[in-house]
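Contents: one structure, followed by commentary.
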Amino acid sequence: MIKVLAIYPAFDWRLNEMAMVWQLLCQSGQVKCSVFASRKDRLKGHVAALDHESSENLEVFRLDASLVSQESIDKMIAVAEQERPDLIFCATSPILDAAQQIRQRLSVPVLVHDEFLSDRHLALPRRQYLGIEALRPFAVQRRARRLLMEIDAMVCSNPKEFDCNSRHPLGEKVFYLPWPHPAVTSGMPVAERDPELGIYIGSISKPKGAANLKRHVSALLAGDPHIRVRIIGPATDRQGEDALRALREGWPDRVSYLKSCSRSEAMQQLASASFVFSAGVSSNWGLIGDAWNAGTPVLSPNAHYDLDDGENCLVCREAQDFVAAVRRLRDDGSLWRKLSQGGSRTVRELHSVQGVAECLLAGLYATLGKGARAQ
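Per UniProt numbering, the sequence shown starts with residue 1, numbered consecutively.
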């Protein structure tokens, strides 16, 4: 059994996809994991009620203080010294400082999980590329190489960065870990779908495509008097707040809004819609997978992730393309069914919780092997 200390921005096996993967691994008896996470899930707009939870071989400690504060790190070190983990799993590189301090104390390897490593769409502070877009790819590569020098291994979940054999151009330190999309236990029948309802679920921000959400949905509502749009999720930056305000104030009777809801409620909402708009050019993976699981066609401004135009999504780069795509879906039942079935097939074959758990376990063993060789 591998003993892991994991650090997550948020961790709840009822809400967070990777938490479900860890729970499955722990229940299988192959991993024992102690998790430190923030109490507040900023992206889902949720605040956990419990500061401590446990399941089989899985213990979760939720903190009010910042994960990289010395107060939080001291608590992690205290548990680590008691549990003596074989490995530290850092769920995102911005909180790597906490993992590094624990590694210095215990001399165990660190495995980092980032959705992106070297993708050109990776969000970077403006100062790192001097605000010059032509310099962004070089800044992304420099950041990636520096990060890999500081850690023992990385799992990355962006399929576009890997070749057909799951090899990454930056070398053998980087492993592919598919993002999990948990299967839906029950769904609403197609007859209960609202043919005039579109939906967006997730945080609203510049990296998540707030500008596209505002522009595309505005064009749709202006061009089709019958369509309604439901938005669920918190605005997490100024651009997100602007997009949400513009849509709600511009069409108060046709844009409904909830800041958050439970996962089961979100899946019901998705299953009741005619289409889902994934507004980001490289984000919204959770929304995409949930839509696929719900059998709801996905519309996106870019064919990123495992999106395949005409097979499991429709790509709508411009606002007018989005308006036309919504009309096509409404008028062409065979296209709607093709996209629905294509999405279900993609998530079943590539993103099941069981499959991701197997990949994660392989990554844990590979990291331990690298650590042993380094010593």
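Glycine included, C-beta positions come from ideal geometry on N, C-alpha and C.
Identity of the residue in the options nearest residue i by Cα
i, options, result
"Ile2", "Gln128, Cys26, Val21, Asp12", "Cys26"
"Trp251", "Leu360, Lys214, Ser283, Ala279", "Lys214"
"Ala266", "Gly202, Tyr305, Met76, Leu67", "Gly202"
"Cys273", "Ala19, Leu130, Arg230", "The sequence shown places Ala at residue 273, not Cys. Checking every option, the nearest Cα to that of Ala273 belongs to Arg230."
"Leu15", "Cys261, Phe138, Pro207", "Cys261"
"Leu221", "Pro180, Ala139, Arg327, Val21", "Arg327"
"Leu58", "Glu81, Gln70, Trp22, Ile77", "Trp22"
"Leu350", "Leu339, Leu307, Ala123", "Leu307"
"Gly369", "Gly286, Thr92, Pro109, Glu83", "Pro109"
"Leu197", "Cys164, Asp237, His226, Val174", "His226"
"Asp332", "Ser264, Glu83, Pro195, Ser344", "Pro195"
"Ile199", "Lys75, Arg337, Glu172, Gln269", "Gln269"
"Ser69", "Ile132, Gly29, Gly171, Pro94", "Pro94"
"Ser148", "Arg337, Ser334, Leu96, Ser55", "Rather than Ser, the amino acid found at residue 148 in this sequence is Leu. Out of Arg337, Ser334, Leu96, Ser55, Leu96 has the C-alpha closest to the C-alpha of Leu148."
"Pro207", "Arg263, Glu17, Ala37, Asp237", "Asp237"
"Ile232", "Val217, His216, Asp253, Ile204", "Ile204"
"residue 389", "Val174, Gln104, Ser55", "Since the first and last residues shown for the chain are 1 and 375, residue 389 lies out of range."
"Glu17", "Arg263, Ile132, His168", "Arg263"
"Glu56", "Arg39, Gly29, His46, Asp74", "Gly29"
"Lys259", "His46, Gln104, Leu130, Ala19", "His46"
"Ala91", "Arg345, Gln128, His168, Ala19", "Ala19"
Residue i - DSSP class collapsed to helix/strand/coil
i, result
"Ala153", "strand"
"Ser260", "coil"
"Ser300", "strand"
"Ala366", "helix"
"Arg110", "Position check: residue 110 holds Val in this sequence, whereas Arg was assumed. Val110: strand per DSSP, three-state reduction."
"Cys359", "helix"
"Lys3", "strand"
"Val281", "coil"
"Cys316", "coil"
"Asp306", "coil"
"Leu197", "strand"
"Phe11", "coil"
"Asn16", "coil"
"Phe322", "helix"
Sequence-distant residues of its chain with Cβ nearer than 6 Å to residue i (five each side left out)
i, result
"Val60", "Phe11, Val35, Glu53"
"Glu241", "Ala235"
"Gly342", "Glu311, Asn312"
"Ser72", "Leu63, Ala65"
"Phe89", "Val4, Ala6, Leu111"
"Tyr176", "Phe162, Ser166"
"Gly223", "Val323"
"residue 376", "For residue 376 there is no data in the structure shown, the boundaries of the chain being 1 and 375."
"Asp51", "Arg62"
"Asp41", "Ala10"
"Thr356", "In the sequence as presented, Thr is not what sits at residue 356; that position holds Val. If we look at Val356 and ignore the five residues flanking it on each side, its Cβ neighbours are Val21, Pro178, Pro180."
"Val255", "Val229, Leu247, Arg248"
"Ala37", "Tyr8, Ala10, Phe11, Arg62"
"Leu130", "none"
Assumed close pair residue i, residue j - CB separation to whole angstroms, cut-off 8 Å
i, j, result
"Ala48", "Leu67", "In fact, because the Cβ distance is near 14 Å, the residues do not count as touching under 8 Å."
"Asp86", "Leu111", "So it is not a contact: roughly 11 Å between Cβ atoms."
"Phe275", "Pro301", "No, Phe275 and Pro301 are not in contact; Cβ-Cβ is about 14 Å, not under 8 Å."
"Ala144", "Ser118", "5 Å"
"Arg182", "Val353", "For clarity, residue 182 is Pro in the given sequence; the question names Arg instead. That pair is a contact at about 5 Å."
"Ala80", "Ile102", "5 Å"
"Ala243", "Ala211", "7 Å"
"Asn158", "Glu192", "About 35 Å; that fails the 8 Å criterion."
"Cys316", "His216", "7 Å"
"Leu299", "Ala325", "5 Å"
Cβ neighbours of residue i in the same chain (closer than 7 Å, five flanking residues each side left out)
i, result
"Gly187", "Residue placement at Gly187 is flagged as unreliable, the pLDDT there being 49, under the threshold of 50; the coordinate-derived value follows with that caveat. Hits under 7 Å: Ala271, Ala294, Gly295."
"Ala219", "Ala319, Gln320, Phe322, Val323"
"residue 376", "Lying before the first or after the last residue shown, residue 376 is absent from the chain, which here runs from 1 to 375."
"Leu335", "Arg328, Leu329"
"Gln239", "Ser205, Lys206, Ala210, Ala211"
Neighbourhood of residue i by C-beta distance below 8 Å, restricted to the same chain and skipping five residues each side
i, result
"His121", "Val281, Ser282, His304"
"Gly209", "Ser278, Ala279, Gly280, Val281, Ser283, Asn284, Pro301"
"Ser340", "Gly295, Thr296, Pro297"
"Leu124", "Arg136, Ala139, Val140, Arg143"
"Arg84", "Lys3, Leu106"
"Arg337", "none"
"Gly363", "Leu111, Ala153, Val155, Phe175, Leu177"
"Asp309", "Ala303, Val315"
"Leu170", "Leu117, Ser118, Ala144, Arg145, Leu148"
"Lys75", "Phe36, Phe61, Leu63"
"Tyr257", "Arg230, Ile231, Ile232, Leu244, Arg248"
Near the ligand HEM: residue i beta-carbon under 7 Å from a heavy atom
i, result
"Leu361", "Absence of the ligand HEM from the depicted structure is noted, as is the absence of any ligand whatsoever, leaving it without description."
Exercise for review: Identify every run of the beta strand (DSSP E) within the stretch 221-248, keeping only runs that are complete inside it and at least 3 residues long; order them along the chain.
Suggested key: 228-232
Review point. Enumerated in chain order, which unbroken segments of the beta strand (DSSP E) with a length of 3 residues or greater are wholly contained in the stretch 29-92?
Key: 31-38, 52-55, 58-63, 87-90
Point to revise | Ranges of the beta strand (DSSP E) found wholly within the stretch 132-184, counting only runs of at least 3 | key: 153-156, 174-176
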